[in-house]
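First comes the structure, then the notes that go with it.
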Amino acid sequence: MLQRVDLHFHSNHSDGVFPVRDVLEIVAGGNVVFASLTDHDSINGVKEALEIAPRLGIKLIPGVEISTMYEDGEVHILGYDFDPDDKDFNDFLRVRFEERVEKVRQTVKKLNDLGYNITFDDVMEQSPGPFVGRPNVARALLQKGYIKAFKDAFTPELIGDKGRAYVPPRGLDPREAIHRIHLAGGWAVLAHPGLYKNNVKVGLEEMDIMKMMEWGLDGIEAYHSQHTTAQSKFYHEIGRIHGLKITVGTDYHEGTYPIEIMDVPREVILELLKIAR
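To convert, note that position 211 of the sequence shown is 218 in the numbering used here; the numbers rise steadily by one, no gaps.
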């Protein structure tokens, strides 16, 4: 049976729908043998995941996804295999998580100013856990009948990147996120580089990735469920040329587990399984 790797998925400790145990069972059902739970700006589910994973036949390493700003666009840095008990890293993430809550309060205020009658409590009702973020805002807008589908919230009119009610992450660039991950003993990976957009471009270019390498970037998530085949090949080649770890992540949140749509070369899986061993 083909062994699989998934180093990017979410539980209800961030914007995933399922508790840690459930999401790990879903991932294990996809024949994943090497995995990482990467909740947004939170490692509150990591210790539970580390306990459960071996019983499901999964080698799991600690993970997190940290939101940063780069060239006027939002960029996410994945951290892996850090010490989950590192006090400074926990304090850093606690502040980031609190800033996420404040960011949603500001988003609700912007929506109110645009004439949308939703409250922070409406948004919190759409959260299956302690996390609150844009997906919960989208579900509140859907529940109130302001939009017809979840994706309709992520537009220039509403809460899409650069949207009228969008509030960017506060004051953190990729350099600091990478540094913090390293201080906690981990390694840092650029998440889904093909999905970013700012005022002038969509997707990060080789020069952007080289700049992040100067800051200590260790890897690149070339294989992501929303990358096109061309994007995966492009970022794989950049990673290969520059000696970066090439990683795989579904970014699973809910619904049907999407790993079947990812065409990952066998050599990429084998290299990642070496890390697992």
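Glycine included, C-beta positions come from ideal geometry on N, C-alpha and C.
The distance from the Cβ of Leu100 to that of Asp48 is about 6 Å, consistent with a contact at the 8 Å cut-off. In the structure shown, Asp215 falls within a helical segment according to DSSP collapsed to helix, strand and coil. By the C-beta criterion, the segment 11 to 21 is judged to be in contact with the segment 255 to 268, since at least 3 inter-stretch pairs fall below 8 Å.
Taking all protein chains in view, the Cβ of Arg107 is crowded by 16 or more other Cβ atoms within 10 Å, so the residue is classified as buried. Minimum Cα-Cα distance from Ser232 among the listed residues Lys252, Ala198 and Leu165 corresponds to Ala198. Secondary structure of Ile188 (DSSP, three-state): helix.
Here Lys252 carries a strand assignment [DSSP, helix/strand/coil].
Every unbroken stretch of the beta strand (DSSP E) spanning 3 or more residues and falling wholly within the segment 131 to 206 is given here in chain order: 194 to 197. In the DSSP assignment, Ile125 falls outside any alpha helix (DSSP H), carrying neither H nor E. In the DSSP assignment, Thr75 falls within the beta strand (DSSP E) that extends over Gly70 to Tyr77. Lys110 sits buried, since 16 or more C-beta atoms from the chains shown fall within 10 Å of its C-beta. Annotation: Ala237 to Arg146 spans about 32 Å, alpha carbon to alpha carbon. Between the beta-carbon of Arg11 and that of Val40 there is about 7 Å, and that keeps the pair under the 8 Å contact cut. At the C-beta level, Ile216 and His249 come within 9 Å of one another. Here Leu121 carries a coil assignment [DSSP, helix/strand/coil]. Within its own chain, the residues whose Cβ lies closer than 7 Å to the Cβ of Ala56, once the five positions on either side in sequence are excluded, are Val27, Leu31, Leu44 and Leu67, listed in chain order. Between Glu261 and Val24, the gap from beta carbon to beta carbon is short of 9 Å. When Cβ pairs closer than 8 Å are counted between the two stretches, the segment 116 to 124 is seen not to touch the segment 87 to 104, the count staying below three.
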